[in-house]
Amino acid sequence: MKEIGNILGITESRVCQIHTKAVMSMRNRLIEPPYRR
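Numbered according to this note's numbering, the sequence shown spans residues -18 to 18.
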């Protein structure tokens, strides 16, 4: 996470926030029934 933050010019904690949001979004997509997509 630290290296990604350095490359993107953002803090490690911000990288973690973005990562968590992305993982939760993907998880919700997988759980969501097909007819709701």
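Glycine included, every Cβ here is placed at the ideal spot set by N, Cα and C.
| Straight-line Cα distance separating Q(-2) from R8 | The residue you call residue 8 lines up with position 27 of the sequence shown. The residue you call residue -2 lines up with position 17 of the sequence shown. Each residue's Cα considered, the two are about 15 Å apart.
| said: On the DSSP letters alone, give me the boundaries of the alpha helix (DSSP H) that M5 sits inside. | reply: Locating residue 5 in the sequence shown gives position 24, where the first residue counts as 1. Counting along the chain, the alpha helix (DSSP H) containing M5 begins and ends at -7 to 12.
| field | Opening and closing residue of the alpha helix (DSSP H) in which G(-10) lies | value | Taking the first residue of the sequence shown as 1, we reach residue -10 at position 9. Segment: none, G(-10) is in no alpha helix (DSSP H) and carries neither H nor E.
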